[in-house]
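Just so you know, our numbering puts the end of the sequence shown at 147, numbered straight through with nothing missing. Notes follow once the structure below has been shown.
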Amino acid sequence: VITKDYGVVPCIHPHHNTMVMHEDEIDFIMKNTDPEYIAFGPDTAHLAVGLCDPVKVMEKYAERIKFLHLKDYYFGEYVGSEGIGYENVNVYQNFRELGEGNIDFKKVFKVLKDVNYDGYMCTELDGSRFGNKISAEMNYKYVSDNY
């Protein structure tokens, strides 16, 4: 209630290696909070690393998305018929610029468009293979060309 008085709505932000990273944990928080006071701020790569389908989770809570972190993730050989395995993956080394990994951003963007999302989208990367400037340019181009 305190933040609402100031026009701020906190967002649940699932993140690798935290108390809220798997879909059942996200579901629990979302079911037990009031959308008027708690929104959803997904991170596409961290959802995937938490063994979530980013598109499916974002569809489920699309109306509650108020902020968004966009980054891709490369699972490589860890994607198999049983799904994604990340136990042996160095999470931060496998973050990628948009379009350089395995996340289906066309579907992510469709979810946002379907609810007329007009909030902030943050393209981010904890470390780039190309350097900060080139990474930012790649992400900007990807969003401009695809959203």
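Every residue gets a Cβ at the ideal spot worked out from N, C-alpha and C, and that includes glycine. Quick caveat: nothing in here was measured; it's all calculated off a predicted structure.
- In this structure, Tyr92 sits away from Gly50, with a CB-CB distance that is not shorter than 8 Å.
- When DSSP reads this structure, Ile65 sits in a beta bridge with Phe40.
- Within the region 94-134, the complete alpha helix (DSSP H) segments at least 4 residues long are 105-114, listed from N- to C-terminus.
- Inclusion of Glu25 and His69 in the CB contact set at 8 Å is not warranted, their separation being larger than that value.
- Residue burial annotation: Lys71 is buried, with at least 16 other C-beta atoms found within 10 angstroms of its C-beta.
- Three or more beta-carbon pairs drawn from the region 94-106 and the region 38-57 are found closer than 8 Å, and the two stretches are therefore classed as touching.
- In this structure Asp43 is not in contact with His22, their Cβ atoms being roughly 14 Å apart against a cut-off of 8 Å.
- According to the DSSP secondary-structure assignment, Leu70 is paired through a beta bridge with Thr123.
- Boundaries of the alpha helix (DSSP H) around Pro54: 54-60.
- For Phe28, the enclosing alpha helix (DSSP H) starts and ends at 23-31.
- Between Phe40 and Tyr61, the C-beta spacing is below 8 Å.
- Closest option to Gly99, judged by alpha-carbon separation, among Arg64, Pro35, Glu137, Asp114: Glu137.
- Spatial neighbours of Ala45 in its own chain (CB-CB distance under 6 Å, excluding positions within 5 residues in sequence) are listed in chain order as Lys71, Tyr73, Phe95.
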